[in-house]
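Chains as they are written, first to last, in the working numbering: chain A, 28 to 234; chain B, 74 to 643.
For glycine and all other residues, C-beta sits at the position ideal for the given N, C-alpha and C.
Some notes on the structure that comes next.
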Amino acid sequence: MKPASNDAIQIGRLLRAGTSGFVVGCRVSQLESPAFGGLVRAALGDDYQIYGLIHDIHIDDDGLVRQLVTAEGIDENVIADNRLNRNVPLEMSVLSVGYSQGGRIYHLLPPRPPLSLDVIYLCSPEELRQFTSAGRFGYFRHLLRAVDLPVSELLAAHLQQAQAAHAAAGNQAWANQATQELIILLRDDYATLMSVLGTLRDGILDF
Amino acid sequence: MDKNLKSVIGYVVGGSLKENLFVRLTIPAYDVQEGGFVVIESGDWLFYGLVTDLQLGATDPRFADEQSEQRLPPGLAKLLHGQTLYTNLEVLPALMLERGPDLESPEYLRWQEAIELGLKQRPAPLPVKTIPPHHARVYLADAGHIAEIFGKPETKGNFVIGYTREQGHPVCLNLERFVQRSAGVFGATGTGKSFLTRLLLAGLIQHDRTSVLIFDMHNEYGFDDIASDTQEKVVGLQTRFRSKVRVVGLGQGAMIRDQRPDFDLEIAMRDIQPEDIELLTRELNLKETTPTTLEALTNSFKRENWFAAFKAMRNGAMLEGDDGKKFPAPDSVAAWANTVGVNVMAAEGLHSKLGRVFNCPYIVENPAADTVSEIIKALEAGQHIVLSFGNFESDLDYLLVCNLLTRRIRQAWEQRTNQFRAKGEKEPRQLVVVVEEAHKLLNREMAAQTTFSTIAREMRKYYVTLLVIDQRPSQIYDEVMSQLGTRVSGWLGDEDDIRAVLSGLAGREALRGMLARLQPKEEVLLLGWGVPMPLPVRSRRYDDKFWEELLGKAVGGKRSEQDILREIGF
């Protein structure tokens, strides 16, 4: 795995973490790049990075917002000020799906979670391609185990982004291979599989 | 290996030795048919089997129930179906063959060397004794596999009887093995039994290691005929084997297909034995007193003369005495019966019923020639006899003549065999007796009385075997059916007939459906001891091409000048 480039997009810093996932805090101004289903990485040094998929983006209120929402005719400057200078950060929940160490990618849970205030980056298309083509879709395991998450939607969003990255590099077959693997993993769970396929059908991927 | 990979059709997912193996198909189901010959790779061994069933399956029944192609885009539906819906093959494992280590490995050379040095037995197909493991690769047999099991077409004695249904690889029948035990050709009417028999007989005649006697009830085999369904000319055996095949017609001056046969067969009265009459019990509706009366006749007139003497008696002839009382004439049946103490009514009844036999024009006191002996001599000399019944197509004619002639032949071959074994004289030539409508001679009631059941049971040791041809194998006595080594069967619809053909064979449950689903024409199932494993084949066509391949020269059309010159030695 290549080390993070200097122009990597920083999307925030770590708020809290566990082995299976972590939460990133960021400013509103940093919210333009990351999206639901995006692959991010926590850089814990050049040799060790943890990868995760954003499965929730959460904006909490604070006291000022509570007052402002009931006011009439809020000034645009006030709104902009509240978003830029708010005290409570935006939170992005990330599901850990693998890590890299010694230049090799593992679709396993990371040995150690990232530490607070570690910088979190959005993966570039190249990094996305590298992570998703390593091994044989072992990271799907972590998604399918996360029963409390909107798995179908998360998978569909991830597949859409990953397929775009692969297609840009000339590999049109990745989505088919990924879908086939999902079907294999879920073929004994009719309800989940049909839910996933139904989501994929909804115009996200071109089959 | 690449070649094998190309034809891989699936992998083993389950099964047992007692039941069948189950194979997950990885190619479209329509590329494999019931009866397909498949090979399973397992380490140093190859397993050969037969597809007996194809089953649709689903990882969850709901995937099968729901038409997901209506809910999902075609590409997505195809991916889903590829993983959740499948076809399983049921494979009847039949043979296994050690193929040794990988060809390119050093172990292979050592293995080969051990065989060459005689330290290890040369691999040969064995009845299956174990099963391949899970996920063993399965592929359709190629021509090499078929040749490995059924023999190479170019080897002498191997006769191509047909071709595999999917890929058209030639399937051979080993004629040496075929004639070692009695065999049967079965199939419902119109399934091509006669054509198949012609093929087999042509193969046997050309191979020239066996003599053939054909009881040709319907005058089909000797001279050219017209096919009943296509109205096309069907070449007779004598047309192609003019110097080897003799056609014998029943009765003086017989005409077979408007042609004169090579011999006429007349039967001497002295040749007719009481057993010949007893086997006509059902045909003539004879009573249970018949054996007693016949025994009295042979006691009175000897076995050679009883028939002529009984025929000469007058039935019901009475004379009137001086006192006006009537009494049986001295040459009457009643007078003889009274003399020997036989029931007069029984004797007169038998005489009356034997009227049909007495009136047979081919039974004469003194035949112009001893044709029966001529037939035996010709068969011993390596010629082949087609006995055509001409206009005598009744069951009575067929039963009487077949049994009588076969009895004489049996005696002759027993005598030759005993002389060969005891005195070291010339070994008897193998003889195949071909019997059409075999159930008439080999049914449960008659089997014990006819020579044919004896041949089927015991005559293998005396170089005589049967080739029975029948459309109702269920009517043939079980004991005879069980002795049939090779069975070649076309389509059969009747459950009892199917059961009879499969009697005594392993895997008959699996083969049952296959037999019922053969194409009504030109498809046959090869079964039994004479073939290494059961296999349905598309039978060879009996046409000019067949003769060209068999005889190695052009037939049917004009011969070229070169061909003629070559034949006459230039």
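Is DSSP giving residue i helix, strand or coil here?
| i | result |
| --- | --- |
| A:Gln-37 | strand |
| A:Leu-209 | helix |
| A:Ser-127 | strand |
| B:Arg-489 | helix |
| B:Gln-253 | coil |
| A:Ile-77 | strand |
| A:Ala-69 | strand |
| B:Ser-80 | coil |
| A:Val-105 | helix |
| A:Ala-31 | For A:Ala-31, the predicted model reports a pLDDT of 46, less than 50, meaning its position is unreliable; a value from the coordinates is still stated below. Correct three-state label for A:Ala-31: coil. |
| B:Trp-118 | strand |
| B:Lys-202 | coil |
| A:Leu-149 | strand |
| B:Asp-298 | strand |
| B:Leu-168 | strand |
| B:Asp-75 | Below a pLDDT of 50, predicted positions are generally treated as unreliable, and B:Asp-75, at 43, falls in that range; no measurement from the model is reported. |
| B:Asn-476 | helix |
Hey, out of the options, whose CA is closest to residue i's CA?
| i | options | result |
| --- | --- | --- |
| B:Ser-255 | B:Val-321, B:Leu-584, B:Thr-527 and B:Thr-203 | B:Thr-527 |
| B:Cys-475 | B:Ile-188, B:Leu-272, B:Leu-323 and B:Glu-163 | B:Leu-323 |
| B:Val-85 | B:Leu-170, B:His-208, B:Asn-516 and B:Gln-140 | B:His-208 |
| A:Leu-181 | A:Pro-61, A:Val-50 and A:Asp-83 | A:Asp-83 |
| A:Gln-57 | A:Ile-211, A:Tyr-75 and A:Ala-35 | A:Ala-35 |
| B:Ile-307 | B:Leu-272, B:Arg-319, B:Leu-286 and B:Val-318 | Here the sequence assigns Val to residue 307 of chain B, which means Ile is not the residue at that position. The shortest Cα separation from B:Val-307 among B:Leu-272, B:Arg-319, B:Leu-286 and B:Val-318 belongs to B:Leu-272. |
| B:Glu-531 | B:Asp-570, B:Trp-486, B:Glu-361 and B:Arg-210 | B:Trp-486 |
| B:Ala-408 | B:Met-391, B:Ser-316 and B:Asp-281 | B:Met-391 |
| B:Tyr-535 | B:Phe-493, B:Trp-620, B:Leu-591 and B:Arg-330 | B:Phe-493 |
| A:Pro-177 | A:Thr-97, A:Pro-152, A:Val-115 and A:Ser-222 | A:Ser-222 |
| B:Arg-614 | B:Ile-449, B:Lys-594 and B:Val-164 | B:Lys-594 |
If you measure between the beta carbons of residue i and residue j, is that distance less than 8 Å?
| i | j | result |
| --- | --- | --- |
| B:Gly-260 | B:Lys-266 | yes |
| B:Leu-152 | A:Gln-188 | no |
| A:Arg-68 | A:Ile-77 | yes |
| B:Arg-611 | B:Gly-235 | yes |
| B:Val-459 | B:Leu-310 | yes |
| B:Asp-404 | B:Met-386 | yes |
| B:Gly-224 | B:Glu-249 | no |
| B:Ala-369 | B:Val-413 | yes |
| A:Gln-128 | A:Tyr-75 | yes |
| B:Val-81 | B:Glu-107 | no |
| A:Gly-65 | A:Val-51 | no |
| B:Thr-262 | B:Gln-456 | no |
| B:Asn-516 | B:Tyr-550 | yes |
| B:Ile-204 | B:Pro-166 | yes |
| A:Gly-4 | A:Gly-48 | The structure shown does not extend to residue 4 of chain A, since chain A spans only 28 to 234, so no value can be given for it. |
| B:Val-505 | B:Thr-283 | yes |
| B:Gly-83 | B:Val-252 | no |
| A:Leu-136 | A:Thr-46 | yes |
| B:Val-537 | B:Arg-483 | yes |
| A:Tyr-166 | A:His-193 | no |
| B:Leu-149 | A:Leu-186 | no |
| B:Trp-564 | B:Gln-592 | yes |
| B:Thr-444 | B:Leu-274 | no |
| B:Met-290 | B:Phe-462 | yes |
Counting only Cβ pairs nearer than 8 Å, list the residues of chain B close to residue i.
| i | result |
| --- | --- |
| A:Arg-214 | Thr-132, Asp-133, Phe-136, Gln-156 and Thr-157 |
| A:Ile-106 | Result: empty, since nearest Cβ-Cβ is about 43 Å, beyond 8 Å. |
| A:Gln-207 | Leu-152, Gly-155 and Gln-156 |
| A:Tyr-166 | The premise fails here: A:Tyr-166 is roughly 19 Å from chain B at the closest Cβ pair, so nothing lies under 8 Å. |
| A:Asn-203 | Gly-148 and Leu-152 |
| A:Tyr-126 | Chain B residues near A:Tyr-126: none, gap ~29 Å exceeds 8 Å. |
| A:Tyr-217 | Asp-133, Arg-135 and Phe-136 |
Cβ closer than 7 Å: which chain A residues qualify as neighbours of residue i?
| i | result |
| --- | --- |
| B:Leu-269 | Neighbours of B:Leu-269 on chain A: none; closest Cβ ~48 Å, over 7 Å. |
Where DSSP assigns a beta bridge to residue i, which residues make up the other side?
| i | result |
| --- | --- |
| B:Glu-163 | B:Phe-95 and B:Asp-126 |
| A:Met-119 | A:Val-51 and A:Ile-84 |
| B:Asn-516 | B:Ile-549 |
| B:Phe-647 | Past the boundaries of the shown model lies residue 647 of chain B; chain B is included only from 74 to 643, so the question cannot be answered. |
| B:Arg-590 | The partner list for B:Arg-590 (beta bridge, DSSP) is empty, contrary to what the question assumes. |
| B:Cys-245 | B:Val-233 |
List the residues of chain B that residue i touches, going by C-beta distances under 7 Å, in chain order.
| i | result |
| --- | --- |
| A:Leu-224 | Leu-145, Leu-149 and Leu-153 |
| A:Ile-211 | Gln-156 |
If we cut at 8 Å on Cβ distances, does residue i have a partner in chain E?
| i | result |
| --- | --- |
| B:Ser-301 | The structure shown contains no chain E; its protein chains are A and B. |
Should residue i be counted as a contact of the ligand PLP given a C-beta to heavy atom distance under 7 Å?
| i | result |
| --- | --- |
| B:Ala-441 | The model on display carries no ligand, and the ligand PLP is accordingly not part of it. |
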